[in-house]
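Residue numbers (numbering that gives the first Met the number 0), protein chains in the order written: chain A, 0 to 219; chain B, 0 to 219.
Ideal Cβ placement from N, Cα and C applies to all residues, glycine included.
For clarity, every value in this text was computed on a predicted model and none was experimentally measured.
Protein chains: 2
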Amino acid sequence: MTTWIDRFEGLSSLPADVRDILVGQSQVLKVPAGTVVFGPGKIPENLLLMLAGTVRVQQLSESGREIVLYRVNAGESCVMTTACLLAYEEYSAEGIAETEVEAAAIPRGVFDELVSRSETFRRFVFSAYSKRITDLFFVIEEIAFQRMDIRLAQRLLTLSRETDVVKATHQKLAAELGSAREVVSRQLQEFQRRDWVTLTRGTITLLDKYAIKKLAETEA
Amino acid sequence: MTTWIDRFEGLSSLPADVRDILVGQSQVLKVPAGTVVFGPGKIPENLLLMLAGTVRVQQLSESGREIVLYRVNAGESCVMTTACLLAYEEYSAEGIAETEVEAAAIPRGVFDELVSRSETFRRFVFSAYSKRITDLFFVIEEIAFQRMDIRLAQRLLTLSRETDVVKATHQKLAAELGSAREVVSRQLQEFQRRDWVTLTRGTITLLDKYAIKKLAETEA
DNA sequence: TTCGCTTCGGTGACATTGTCACCAACGGAT
DNA sequence: ATCCGTTGGTGACAATGTCACCGAAGCGAA
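Now the structure itself:
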């Protein structure tokens with residue numbers, strides 16, 4: 000029988016008994032876009048395995064600025080909830096459902112049992128951690144060392160996957176990059192001047208993805 | 000009998016059989032200051048539990064700049080090695096022994112067995128992960144949103160714990176903060192102008208820790 | 001429609017930080 | 001003493017962040 004487990008690469012080879020625990024003891028739930036999946040003041044009770052949708056994990060500063068750390072997509076697990084399941088200390092990041100999200104919720108106790116019983120599950124969990132940590136390393140490298148125009152170009156491309164239109168305010172883009180609105184606005188104007196994009200209120204239309212990609216791939 | 004295990008808070012309540020495995024199957028080793036404990040191209044074979052000394056974990060950019068991510072001190076574990084034990088992908092961070100380092104090395108297989116058998120050990124491992132992830136969140140917040148003078152003041156304080164003297168070149172301090180030497184030099188000159196420090200080649204002497212602390216604690 | 005409100009984006013002035021080129025001072029090695 | 005690599009100082013400039021303020025676009029109510 001196929002279950003949602005099969006959507007996770009790392010879990011395909013789980014032995015039958017472990018599979019049964021995982022499927023039997025977890026609950027598939029759906030939350031609407033905009034839901035705060037975890038965040039300061041919310042004690043997470045479950046490890047989430049994302050079946051559909053996207054969760055955006057972001058950091059807020061006291062001064063009101065924010066930065067997007069990474070996104071958790073379908074087929075991945077939201078280990079921040081685990082990390083904070085173990086409650087090292089109060090964390091300042093929060094996870095927000097960007098779309099409607101469907102996820103399997105594994106309660107704390109079940110999670111612990113699975114880690115204990117299954118080497119496959121352990122591998123899955125630890126490699127999820129590794130991925131997030133390397134994601135964070137990447138973010139740090141970007142904000143510390145990369146030019147804004149390059150980062151903006153990269154972000155426009157990732158936010159526009161199939162289509163050529165990015166629906167986002169300059170403010171939202173600035174939050175993606177941990178920068179200020181004015182900086183993003185000015186960069187976008189420069190892109191427009193080069194006929195790479197057209198700008199209208201709330202949307203950026205990519206005219207010359209090739210040129211943008213070339214900038215995004217600039218090294219050093 | 001007391002062993003090095005007792006130096007780790009989280010491991011004090013390990014059952015006797017698990018203790019025996021941990022002590023029996025791991026090896027205490029010593030490496031001199033400057034050793035690259037892990038890094039690109041080095042496949043880590045062990046989880047390291049730090050008994051004495053400090054490991055500095057830092058990130059290098061292609062352009063040659065660098066930034067210190069965090070330090071692993073005695074009584075903590077170096078989970079980056081675990082993360083990359085599971086080898087998610089090539090990581091760009093490296094760990095360097097800042098002092099002579101004494102550590103217990105737990106081989107991969109033993110680590111796996113311990114995680115499987117002991118809930119205490121699991122807690123220990125996962126809270127180590129949580130701590131590192133929150134460390135990284137903190138670093139991101141700092142570099143994205145915090146002013147350099149404040150960050151420099153903070154760093155000078157943490158690097159001068161008991162003494163009032165920081166032995167470091169401006170270049171090293173810049174690497175700590177992911178900034179440029181000139182920026183650090185100028186900030187230090189400003190601190191000197193205010194009679195907070197005196198500067199000589201390779202050392203910064205803190206004259207007015209109180210004033211520095213006050214700056215370091217500035218919010219927003 | 002028109003009015004009024006909110007959100008979004010544009011702008012200039014300025015502060016901070018990063019980059020570059022270059023030089024001078026220091027200190028160790030010969 | 002001389003040489004030389006390291007360290008730090010400097011000025012000019014570029015890139016980014018901050019602030020105050022404004023006008024335009026959208027949207028709902030009258």
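Here the C-alpha atom of residue 57 (chain B) lies approximately 12 Å from the C-alpha atom of residue 97 (chain B).
With a cutoff of 8 Å on beta-carbon distance, residue 102 (chain A) and residue 49 (chain A) are scored as near each other. One finds 136 and 139 in chain B with Cβ atoms closer than 8 Å to the Cβ of residue 68 (chain A), taken in chain order.
Between the stretch 111-126 of chain A and the stretch 27-45 of chain A there are fewer than three C-beta pairs closer than 8 Å, too few to call the two in contact.
Listed in chain order, the non-local C-beta contacts of residue 180 (chain B) below 7 Å within the same chain comprise 169, 170 and 173, local neighbours out to five positions each way being set aside. Linking residue 199 (chain A) to residue 212 (chain A) through their CA atoms gives a straight-line distance of about 21 Å.
Residue 205 (chain B) is bridged by DSSP to B:196. At a beta-carbon threshold of 7 Å, the residues of chain A lying near residue 58 (chain B) are 136, 139 and 140, ordered along the chain.
Taking C-beta atoms under 8 Å as the contact rule, residue 54 (chain B) and residue 100 (chain B) qualify, at a distance of about 6 Å. In the DSSP assignment, residue 49 (chain A) falls within the beta strand (DSSP E) that extends over 45-51. The CB of residue 144 (chain A) comes closer than 7 Å to the CB of 60, 62 and 64 in chain B, given here in chain order. Within the stretch 91-123 of chain B, contact with chain A at the beta-carbon level (separation under 8 Å) is assigned to 91, 92, 111, 114, 115, 116, 118, 121 and 122.
Rounded to the nearest whole angstrom, the CA to CA distance from residue 63 (chain B) to residue 40 (chain B) is 18 Å. Look at residue 112 (chain A) here: in three-state DSSP terms it is helix. For residue 33 (chain A), the secondary structure class from DSSP, reduced to helix, strand or coil, is coil. Of all residues in the stretch 167-195 of chain A, only 177 come within less than 7 Å of chain B when Cβ atoms are compared, listed by chain position. Between residue 132 (chain A) and chain B, the shortest Cβ-Cβ separation is below 8 Å. For residue 180 (chain B), the secondary structure class from DSSP, reduced to helix, strand or coil, is helix.
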